[in-house]
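J.:
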Amino acid sequence: MTDFLIAPSILSADFARLGEEVDNVLASGADIVHFDVMDNHYVPNLTIGPLVCEALRKHGVTAPIDVHMMVKPVDRIIPDFAKAGATYITFHPEASEHIDRSLQLIRDEGCKSGLVFNPATPLSYLDYVMDKVDMILLMSVNPGFGGQSFIPATLDKLRQVRKMIDASGFDIRLEIDGGVKVDNIREIADAGADTFVAGSGIFSKVRAEDPHHYDTILRQMREELAK
Ligand code: DX5
Ligand code: ZN
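Every number in the numbering used here is 3 more than the matching position in the sequence shown, counting from 1.
#1: If we ignore side chains and look at the alpha-carbon of each, how far apart do A98 and S143 end up?
#2: Quick check on the DSSP output: the alpha helix (DSSP H) that includes D169 runs from which residue to which?
#3: Is the beta carbon of A85 less than 9 Å from the beta carbon of E112?
#4: Tell me where the beta strand (DSSP E) around H1 begins and ends.
#5: Buried or exposed: which applies to Y131, given that a residue is buried once 16 or more other Cβ atoms fall within 10 Å of its Cβ?
#6: Just checking L14 against ligand 2 - is the residue's beta carbon closer than 8 Å to any of the ligand's heavy atoms?
#7: Within the present structure, is the beta-carbon of G32 separated from the nearest heavy atom of ligand 1 by less than 8 Å?
#8: Considering only their Cβ atoms, is the gap separating S15 from I220 smaller than 9 Å?
#9: Just to confirm, is the Cβ distance from T65 to P96 under 9 Å?
#10: What are the uninterrupted segments assigned as beta strand (DSSP E) that are 3 or more residues long and contained completely in the stretch 105–161, given in chain order?
#11: Hey, would you say F153 sits closer than 9 Å to G172, going by beta carbons?
#12: By the 10 Å Cβ neighbour count, where 16 or more other Cβ atoms means buried, how is P49 classified, buried or exposed?
#13: Out of M73, D6, D134, G147, which has the shortest C-alpha to C-alpha gap to V119?
#14: Strictly closer than 5 Å from CB to any heavy atom of ligand 2: give me those residues in the order they appear in the chain.
#15: Classify V209: buried if its beta carbon has 16 or more other beta carbons within 10 angstroms, exposed otherwise.
#16: What are the residues that DSSP puts in a beta bridge with H37?
#17: Where do the ends of the beta strand (DSSP E) carrying T198 lie?
#18: Any chance the CB of V144 is under 8 Å from a heavy atom of ligand 1?
#19: Between which two residues does the alpha helix (DSSP H) harbouring L29 extend?
Now the structure itself:
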């Protein structure tokens, strides 16, 4: 039985009440906090950095924080996120001049490392680094914004990566990010994902509208995964 992990993307949370939002979604049964870092350079949007990660830790968040860096360059900011309490740090291989070095730097800083693949990024970037990644993240939308639709070709890509991970014998999580909802999470799991990022699929209503919304969505996702 695979241990499926659900990772709400706080990109769609209410940033004015971020600590409370993260507390609430974790209390509803989420496993990991997915933390989207955008730099208005590698991707056309600007979000949050190490200070906000540190603020969540100071607020009392103890769950793993999964820092998805959509930034270029990559290396300069890695130690800052490690100090800020990141658990996973993942980056896009196109954004790093020296992928092997960036992966090692993440592990040297005491974090878990990962590579992120855009919909059209080839998997060959993994060829010589399977022993240096703890997570492989497949984007099922083009990075930069929440609320986009899942690109179906990602299902085949997931199946390919699942084979690569199983053949490698390494303990590597396979994460999917973009357009994950209650109604497609089961087929995404069937294609081989074990870690599910969902932003707009979870933070689609504010607490004032429905105080139990996160409980409901998380329960529905778990039910789908248990099928
Ligand atoms: C997009 C981000 C995602 C985003 C997903 O660049 O990496 O994590 O928040 O949002 P949804 O789940 O709404 O597609
Ligand atoms: Zn993300």
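Built from N, CA and C at the ideal position, the CB exists for glycine as well. Being a predicted model, the structure only gives us computed values, none of them experimental.
T.: Let me spell this out:
#1: Within the sequence shown, numbered from 1, the residue matching residue 98 stands at position 95. Within the sequence shown, numbered from 1, the residue matching residue 143 stands at position 140. Computed Cα separation, rounded: 18 Å.
#2: On the sequence shown, residue 169 is found 166 positions in, with the first residue counted as 1. Boundaries of the alpha helix (DSSP H) around D169: 157–171.
#3: As a working note, residue 85 is residue 82 in the sequence shown. As a working note, residue 112 is residue 109 in the sequence shown. Yes; because the gap between Cβ atoms is below 9 Å, this pair is in contact.
#4: It is not possible to answer for residue 1, since the shown part of the chain is limited to 4 through 230.
#5: Reading the sequence shown from its first residue, position 128 is the one you call residue 131. Taking all protein chains shown into account, Y131 has fewer than 16 neighbouring C-beta atoms within 10 Å of its C-beta and is therefore exposed.
#6: Position 11 of the sequence shown, counted from the first residue, corresponds to residue 14. At least one heavy atom of ligand 2 is nearer than 8 Å to the Cβ of L14, so yes.
#7: Working through the sequence shown from its first residue, we reach residue 32 at position 29. G32 Cβ: outside cutoff for every heavy atom of ligand 1.
#8: Locating residue 220 in the sequence shown gives position 217, where the first residue counts as 1. Locating residue 15 in the sequence shown gives position 12, where the first residue counts as 1. No. Outside cutoff.
#9: Counting from one through the sequence shown, the residue named residue 65 turns up at place 62. Counting from one through the sequence shown, the residue named residue 96 turns up at place 93. No, these two residues do not count as a Cβ contact at 9 Å.
#10: DSSP runs (the beta strand (DSSP E)) wholly in the stretch 105–161: 115–120, 138–142.
#11: The sequence position of residue 153 within the sequence shown is 150, counting from 1. The sequence position of residue 172 within the sequence shown is 169, counting from 1. No.
#12: To locate residue 49, count along the sequence shown from 1; it is residue 46. Reading the sequence as shown, one finds Leu at residue 49 and not Pro. L49 counts as exposed, since fewer than 16 other C-beta atoms from the protein chains shown sit within 10 angstroms of its C-beta.
#13: In the sequence shown, counting from the first residue as 1, residue 119 sits at position 116. Cα-wise, what sits closest to V119 is M73.
#14: The set of residues with any CB-heavy atom separation to ligand 2 below 5 Å comprises, in chain order, D39, H71, D180.
#15: Counting from one through the sequence shown, the residue named residue 209 turns up at place 206. With fewer than 16 other Cβ atoms within 10 Å, it is exposed.
#16: Residue 37 sits at position 34 when you count from the first residue of the sequence shown. Per DSSP, S12, D69.
#17: Looking up residue 198 in the sequence shown gives position 195. For T198, the uninterrupted beta strand (DSSP E) segment begins and ends at 198–201.
#18: The residue labelled residue 144 in the question sits at position 141 within the sequence shown. Relative to the non-hydrogen atoms of ligand 1, the Cβ of V144 comes within a distance shorter than 8 Å of at least one.
#19: On the sequence shown, position 26 is the one that residue 29 refers to. Residues 21–30.
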